[in-house]
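K.L.:
What follows is a single structure, and I will ask about it in a moment.
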Amino acid sequence: MSNETLNPVDIARDYYNSSDADTFYATIWGGEDIHVGLYESESDSIPDASRRTQKRMTEQLLNRPDASSRIIDLGSGYGGTARFLAGQYGCRVAALNLSEVENNRARKLNREQNLDNLVDVIDGDYAEVPFDDESFDLVWSQDALLHSPARKKVIEEVSRILKPGGEFVFTDPMQADNCPEGVLQPIFDRIHLESMGSPGFYRETAAEFGLKEIDYLEMTDQLQRHYSAVLKNTEMQEDKLREHVSQQYLQNMKKGLQHWIDGASNGYLSWGIMHFQKQ
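Position one of the sequence shown corresponds to residue 1 (UniProt numbering), numbered consecutively onward.
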């Protein structure tokens, strides 16, 4: 079946299920996480920077999780954040993710780290969250919402599953509010979408569904630094990657990474930690 007959959710699932993608992300990110990191120096590793993002996001919360907290991570990848939260706070975490390949790796890591009693990995789409109303104290997501063509429905689902007073904290590569039309088309083509969310979109949509903005910690420079680090590491490990990843995939990846770097450096993208609370 060609990509033209698939919707963006199916395309994202098939992409992350592919052997090329799984090998690439596990190698370059280190096998725990697949999200944008926070860098303090040029020598920071991608895994260390990725863990720093998780810590910074917890610092933004009004209420730190504890053993009684119920959390869901939307687009949980390899489950690194779910394990971080469960291991740090002893809380139960639902890890909802499209890719069955990533989810199988996450379940294996959960068992190896003795966290499978706290982390539940669920195959699914975060536009249709398989949980009851007011189930969670915290909804968390890192760099996953952009893959959904139904972002407004995702925010509605977030509001539905959050308890009153519950928090929603997320990061997402976004188009800047003042982004000129057409300049991000190379990125849209790569992720098979017609648009991306923007800070203004998320603020407006969150307010529509009863989510009050607490803050937006804007750090677009970190998006540029992160994709620059990924590109550098890809080039450094290219010979090793070629043993298990197709040349076409690596060429497309390097080209795509440069589009992200250019979009951020030109001011067309926005990235940071957005934080809301259900009223």
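Glycine included, each C-beta is placed from N, C-alpha and C at the ideal position.
1. My parser needs the beta strand (DSSP E) runs of 3 or more residues fully inside the stretch 163-229; what are they?
2. If we ignore side chains and look at the alpha-carbon of each, how far apart do residue 205 and residue 134 end up?
3. Which residues mark the beginning and the end of the alpha helix (DSSP H) in which residue 75 is found?
4. Less than 6 Å between C-beta atoms, sequence neighbours within five positions excluded: which residues of the same chain meet that for residue 227?
5. Would DSSP call residue 80 helix, strand or coil?
6. Going straight from the alpha carbon of residue 69 to that of residue 117, what length do you get?
7. Leaving out five residues on either side along the sequence, give the residues of the same chain with a beta carbon under 8 Å from the beta carbon of residue 145.
8. Where does residue 131 sit, in a helix, a strand or coil, going by DSSP?
9. Rounding to the nearest angstrom, what Cα-Cα distance links residue 121 and residue 254 in this structure?
10. Can you name, in chain order, every residue of its own chain whose Cβ lies under 7 Å from the Cβ of residue 1, other than the five neighbours on each side?
11. Since residue 17 and residue 99 should fall inside the 8 Å C-beta cutoff, what is the C-beta to C-beta distance between them, to a whole number of angstroms?
12. With DSSP run on the structure shown, which of helix, strand or coil describes residue 45?
13. Alpha carbon to alpha carbon, how far is residue 46 from residue 54? Give it in angstroms, no decimals.
14. Cutting at 8 Å between CB atoms, please list the residues of its own chain near residue 193, excluding the five before and the five after it.
15. Where does residue 34 fall in DSSP's three states?
16. Apply the 10 Å Cβ neighbour rule to residue 177 and answer buried if 16 or more other Cβ atoms are within range, or exposed otherwise.
17. If we call anything under 7 Å between Cβ atoms a contact, is residue 39 one with residue 66?
18. So, helix, strand or coil for residue 271, using DSSP?
19. Nearest-angstrom Cα distance between residue 263 and residue 161?
20. Can you grab the Cα-Cα spacing for the pair residue 112 / residue 48, in whole Å?
21. DSSP has residue 96 in a bridge; who is on the other side?
22. Which residues bound the beta strand (DSSP E) around residue 143?
23. In the structure shown, what three-state DSSP assignment does residue 138 receive?
24. How many angstroms separate the CA atom of residue 278 from the CA atom of residue 237?
P.N.:
According to the data block:
1. 211-218
2. 19 Å
3. Neither: residue 75 is in no alpha helix (DSSP H) and is coded neither H nor E.
4. 257, 260 and 261
5. helix
6. 15 Å
7. 74, 75, 126, 151, 154, 170, 172 and 197
8. coil
9. 31 Å
10. Bear in mind that a pLDDT of 43 at residue 1, under 50, signals an unreliable position, so the model cannot answer this.
11. 5 Å
12. coil
13. 13 Å
14. 8, 146, 147 and 149
15. coil
16. exposed
17. no
18. coil
19. 34 Å
20. 20 Å
21. 74 and 122
22. Segment: none, residue 143 is in no beta strand (DSSP E) and carries neither H nor E.
23. strand
24. 44 Å
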